[in-house]
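Asker: The numbering used here puts the first residue of the sequence shown at 538, with every later residue one more than the last. Glycine is no exception: its CB is placed at the ideal position from the N, C-alpha and C atoms. Just so we're clear, the structure is a prediction, and the values are computed from it rather than from any experiment.
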Amino acid sequence: MTYRERLWPSAWMYLVALLLVPASLLVFTPISLAAGIAVGIGLFGAAVLGLIRWAPVIEVADGEFRAGSARIPLSFTADPEAFRGAAATAARGVDLDARAWLCLRGWVDPVVRVHITDPADPAPYWLVSTRRPEELVAALRQGGQRETPPAT
538 MTYRERLWPS
548 AWMYLVALLL
558 VPASLLVFTP
568 ISLAAGIAVG
578 IGLFGAAVLG
588 LIRWAPVIEV
598 ADGEFRAGSA
608 RIPLSFTADP
618 EAFRGAAATA
628 ARGVDLDARA
638 WLCLRGWVDP
648 VVRVHITDPA
658 DPAPYWLVST
668 RRPEELVAAL
678 RQGGQRETPP
688 AT
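1) Could you tell me how far apart the beta carbons of phenylalanine 611 and glycine 600 are, in whole angstroms, since I believe they sit closer than 8 angstroms?
2) Would a C-beta distance cut-off of 7 angstroms place glycine 579 and leucine 562 closer than the cut-off?
3) Take glutamate 542 as the anchor and find which of Thr566, Val558, Val594, Trp549 has the nearest alpha-carbon.
4) According to the neighbour-count rule (16 or more other Cβ atoms, all chains shown, within 10 Å of its Cβ), is threonine 667 buried or exposed?
5) Just curious, the beta strand (DSSP E) that threonine 614 is in, first and last residue?
6) Can you say whether tryptophan 638 is buried or exposed, counting buried as having 16 or more other CB atoms within 10 angstroms of its CB?
7) Within its chain, find whatever has a CB closer than 6 angstroms to the CB of glycine 680; leave out the 5 residues flanking it on each side and keep chain order.
8) Alanine 554 lies in the alpha helix (DSSP H); which residues open and close that run?
9) Which parts of the region 568 to 624 are runs of the alpha helix (DSSP H), unbroken and 4 residues or longer, counting only runs that do not cross its ends?
Shown next, in the form of structure tokens:
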């Protein structure tokens with residue numbers, strides 16, 4: 538089983554980026570109204586492009602787990618856990634280990650915690666935002682089973 542998800546920003550993030558237009562008008566209108574409009578549109582366009590360009594991809598494929606720019610072989614992952622609601626808030630907050638590797642996005646509530654078994658890796662687990670935590674956990678479990686060598 539493979540899994541792929543891109544953590545696109547929610548619609549409200551684009552509305553927040555739209556606030557750059559009146560902010561630039563406020564700053565640049567005393568100089569020139571045309572400059573304020575041009576800068577506002579340019580800043581909004583750059584913000585939207587940045588949101589789209591840097592939306593991380595969460596993927597389980599080819600024996601690897603990828604979250605954003607990080608990747609790890611599935612043979613070094615164990616015990617994936619899905620969290621939603623208050624449990625997800627706790628996993629991102631009071632229950633968070635400072636050594637954990639994070640790929641979190643504020644506009645995505647559910648998270649998955651994947652324990653790392655690589656003794657050379659200082660991170661005890663990865664905490665990853667996902668809109669489909671149960672599917673990601675299933676893909677990680679199935680992929681991890683496939684990576685385990687057969688018993689002799």
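Answerer: Walking through what the data contain:
1) Translated into the one-based positions of the sequence shown, residue 611 becomes position 74. Translated into the one-based positions of the sequence shown, residue 600 becomes position 63. Just to set this straight, residue 611 is leucine in the shown sequence, not phenylalanine. Rounded, the Cβ-Cβ distance is 5 angstroms, consistent with contact.
2) Translated into positions along the sequence shown, residue 579 becomes position 42. Translated into positions along the sequence shown, residue 562 becomes position 25. Not in contact: glycine 579 and leucine 562 (Cβ atoms no closer than 7 angstroms).
3) As a first step, residue 542 is located in the sequence shown; it is residue number 5 there, counting from the start. When only C-alpha atoms are compared, the closest one is Val594.
4) What you label residue 667 is simply residue 130 of the sequence shown in a count that begins at 1. Buried, since its Cβ has 16 or more Cβ neighbours within 10 Å.
5) One-based indexing of the sequence shown puts residue 614 at position 77. 614 to 620 is the extent of the beta strand (DSSP E) around threonine 614.
6) Numbered from its first residue, the sequence shown carries residue 638 at position 101. Label assigned to tryptophan 638: buried.
7) The residue given as residue 680 occupies position 143 in the sequence shown. Excluding sequence neighbours, glycine 680 sits near Val597, Leu611.
8) Within the sequence shown, the letter at position 17 stands for residue 554. Following the DSSP letters along the chain, one finds alanine 554 inside the alpha helix (DSSP H) bounded by residues 548 to 555.
9) 570 to 590
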